[in-house]
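Participant: In the working numbering, the protein residues as written are 1091 to 1189.
Pasting a structure here, questions to come.
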């Protein structure tokens, strides 16, 4: 049996999806984090949201997030001129996903 915390977390996720997002059957859900995020700590929560969204009838759930350690490696080792570029595929993908 699940712990009280896990049961409350599942209820919280349900409120997020049903009330906060009003997720409807057949809709897509994009979970996007572009800020510093402790990836390993959030993974179980994001997995729970994803699972619950599919159980509610979501057509597709996409998760996009950054890894702060990879960002740090880029800042330490990438050529300076690489910071003048922005991968337009990210914004294009988000816009396409929203359509």
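Where is the CB? At the ideal position from N, CA and C, for every residue including glycine.
1. Between the C-alpha atoms of residue 1118 and residue 1147, what's the straight-line distance to the nearest angstrom?
2. Exposed or buried, which one is residue 1143 when buried takes at least 16 other CB atoms within 10 Å?
3. Where does residue 1130 land, buried or exposed, given buried means 16+ other C-beta within 10 angstroms?
4. Check whether the segment 1105 to 1125 touches the segment 1147 to 1159, counting contact only when three or more Cβ pairs, one atom from each stretch, lie closer than 8 Å.
5. Any idea what DSSP makes of residue 1165, helix, strand or coil?
Facilitator: Working from what's here:
1. 9 Å
2. buried
3. exposed
4. yes
5. helix
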